[in-house]
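Residue numbers (my numbering): 2 to 519.
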Amino acid sequence: MEDDQEYLKQDQHEEEEEEEGGEEEELSESEKLLFPRRRPPFRSTRLHIQRSSVCSRAYFVVIMVFFHVYIINVIALLLYVHYNNGPEDLIPSDGASSSAINGGGGGPLPRSAPSSTQLHVDDFSQSLSLPRIEGIRVGHVQQISLASDKTLVMKTLSLKPLIFEIPGFLLEEECRVVVQLAQLKGLMETQTPALVQGHDESNLPLLSLSTEEVFGLLDLNQDGLLHKQEIVSHSRSRDGTWLNADSLRQILFNLEASSTGTITLEDFQHIYAKSQSTAQRTRRLTNQYKQRSKNTWLYQGQGSHHVLRTLKKRVIGLTRLPSSLVELSEPLQVIKYEHGDYSDAHYDSSPTNLETSCAHTRLASNASSVTEVSCRYLTVQFYLSSVEEGGETTFPVADNRTYDEDGLVQDGVDLTDAQQMCHKGNLRVKPAVGTALLWYNHLSDGKGWMGEMDEYSLRGDCPVKRGLKWVASSWINVDPDHLQQARYQRLVAQRHQAQSGREEYYQPLSHNNLHQDL
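Below, the structure written as structure tokens:
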């Protein structure tokens, strides 16, 4: 009995210890995890399993899926906007409708040309570029759409220079309108570049000067040394014979390379002789260039005939250039070739260097620039009539493997003489009414802007044998200096803004509503 009572007491004591241990387990569960309590081997223990929250995990997965879908949509939207925006203009137009113009070379086209009343002073893009149409290969044909209901075909004629032909660019009725406007304006005899640049015989020096005499004329202070200011001041004489552009370039180059910034007589004799030999090779394309035709210029801005304005918009769509560049380029030149008229092979543009400035940006050019040259990035030529015989546009060295100016004259044959040797040209295009030609006069600089002049862009006009030849040329002027071009357009915008303010102030006395077709 005593043993039974003692056993019951021991069992009751163990149950009390177990209850106390349970309370400790509930009060300090974290300690139990760190320091587990040893259980009697014959007693079963409860396993505490922590269940994961299924709802929380599903909610997290859904949130991450929506987040990734959102990121993908944002990236797709940015790519869509990037590849569907054309090049920005230096002077964008406010409210100008973007016409449905799509080129065949891929990529969207810029907006339609802004009117002169929409030029603003501070609206300039810092990322202007000059898009170029891809030629692919000679004979390649691509579709272009310059209107919502009209698709044209553009064919690659040459890769050096890059030349395209677009039949049906103008309707015959539109061609007749341009011809009539030119006749109303009045045509004048075309002057050759030699006469314009002062290379005709009337400007030749009366005396033949030696190298020592040239040095003495340049040395204003007679100190026996030539300084940069002395060279620049005499270069403005426009004589062009004893100090031409090639001589000036050589002299200024040696002045910059000299440690003293001066040139002695001995150095000048060597430089002058070298520059004169170089000038003899390049003078032929300028001094001996001949042309016989009649021409006039037609204004294409606000108030001009709607056909002329439509033609400019088509040029913007075809070239894919910023509308501001086209708006501020030269007017449309219309040329008439009668029987026997022609023009020798020449370049539409000019090479540029530190001593020259573009004629169209002379408002913003450096005052110390020596000469002004034509800077024409590309040419768009329109045939306003067909020619019965002759009158082809010739590109003498198109797609030559190499170009050498001395190679233009071989065995007494001068390829630049379009009057006699037009049939020797590599590429000849027969005029057809309504057809347009586009070619680039300059290469790309590799950074999206205008580079060096393309020497293969030499072109001329064969003599007309039967019929009349009417052509119009639209040149797009671009300064090779990107900042110079932007500065020029900013000055034009400022002048226009000031003029608009004066016209608004003197509204009753304004004559802006007069017709300006011509």
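The beta-carbon is built from N, C-alpha and C at its ideal position, and this holds for glycine as well.
- request: For the beta strand (DSSP E) holding residue 347, just list the boundary residues, first then last.
  value: 343–347
3-residue-minimum beta strand (DSSP E) runs that sit fully inside the region 406–466, ordered along the chain: 428–430, 437–441, 443–445, 451–454 and 460–462
- prompt: For residue 499, does the count of other Cβ atoms within 10 angstroms reach 16, so buried, or fall short, so exposed?
  reply: exposed
task: Let me know if residue 187 comes out buried or exposed under the rule of 16 or more other beta-carbons within 10 Å of its beta-carbon.
output: exposed
field: Cβ-based burial, residue 211 [other Cβ within 10 Å; buried from 16]
entry: exposed
- prompt: If you run the structure through DSSP and keep just helix, strand and coil, what is residue 389?
  reply: coil
query: From 381, 380 and 362, pick the residue whose C-alpha is nearest to that of residue 372; which is it?
result: 362
query: Looking only at DSSP bridge pairs, what is residue 155 linked to?
result: 143
Residue 170 (DSSP reduced to helix, strand or coil): coil
- prompt: Can you round the beta-carbon distance between residue 330 and residue 137 to whole angstroms, since I take them to be within the 8 Å contact cut?
  reply: Their Cβ separation, rounded to whole angstroms, is 27 Å, which puts residue 330 and residue 137 out of contact at 8 Å.
Whole-angstrom C-beta distance between residue 130 and residue 449, which should lie under 8 Å: 3 Å
query: Where does residue 293 fall in DSSP's three states?
result: strand
N- and C-terminal bounds of the beta strand (DSSP E) containing residue 373: 372–374
query: Any chance the region 291–301 sits against the region 334–342, with 3 or more Cβ pairs inside 8 Å?
result: yes
- request: Look at the Cβ atom of residue 399, then the Cβ atom of residue 442, and state whether they are nearer than 7 Å.
  value: no
message: Let me check one thing: in DSSP terms, what residues is residue 478 bridge-paired to?
response: 377
query: Would you call the region 177–187 and the region 342–358 in contact, with 3 or more CB pairs under 8 Å?
result: no
- request: Indicate the three-state DSSP secondary structure (helix, strand or coil) for residue 25 in the structure shown.
  value: Legend: pLDDT at residue 25 = 47, less than 50; position of this residue unreliable, value from coordinates given subsequently. Of the three classes helix, strand and coil, the one that applies to residue 25 here is helix, per DSSP.
field: Closest by C-alpha distance to residue 293, when choosing among 256, 462 and 481
entry: 462
message: Nearest by alpha-carbon distance to residue 146: which of 252, 316 and 190 is it?
response: 316
message: At the level of alpha carbons, what is the spacing between residue 434 and residue 343?
response: 18 Å
query: Which same chain residues, not among the five before or five after residue 479, have their C-beta less than 7 Å away from its C-beta?
result: 131, 326, 376, 378, 451 and 486
message: Is it buried or exposed, residue 239, if we count other Cβ atoms within 10 angstroms and call 16 or more buried?
response: Reliability fails at residue 239, whose pLDDT of 41 lies under 50, so the model's placement of it is uncertain and the value that follows must be treated cautiously. That one is exposed.
task: Could you check what DSSP says for residue 125 in three-state terms: helix, strand or coil?
output: A caution first: residue 125 carries a pLDDT of 45, below 50, which makes its placement in the model unreliable, though a value can still be read off. Three-state result, residue 125: coil.
- request: Taking 7 Å as the cut-off, decide whether the C-beta atoms of residue 489 and residue 436 are in contact.
  value: no
- prompt: Who are the Cβ neighbours of residue 152 in its own chain at under 8 Å, not counting the five residues just before and after it?
  reply: 144, 145 and 146
- prompt: Just to confirm, are residue 231 and residue 221 a CB contact at a threshold of 7 Å?
  reply: yes
query: Beta carbon of residue 171, beta carbon of residue 216: below 7 Å?
result: no
query: Counting along the chain, where does the beta strand (DSSP E) carrying residue 395 start and finish?
result: 394–396
- prompt: Are residue 394 and residue 423 touching if we call contact CB-CB under 7 Å?
  reply: no
- request: Report all residues from its chain with a CB closer than 8 Å to the CB of residue 160; omit the five preceding and five following residues, and keep chain order.
  value: 136, 138, 139 and 400
task: Locate the alpha helix (DSSP H) running through residue 357, then write down its first and last residues.
output: Counting along the chain, residue 357 falls outside any alpha helix (DSSP H), though it belongs to the beta strand (DSSP E) covering 357–359.
Helix, strand or coil at residue 520 according to DSSP, with G and I counted as helix: Nothing about residue 520 can be read from this structure; the chain reaches only from 2 to 519.
task: Measure the CB-CB distance between residue 309 and residue 264 and report whether it falls below 7 Å.
output: no
- request: Can you have a look at residue 347 and say buried or exposed, based on whether 16 or more other CB atoms are within 10 angstroms of its CB?
  value: buried
field: Given residue 389 as reference, the closest of 341, 168 and 418 once Cα atoms are compared
entry: 341
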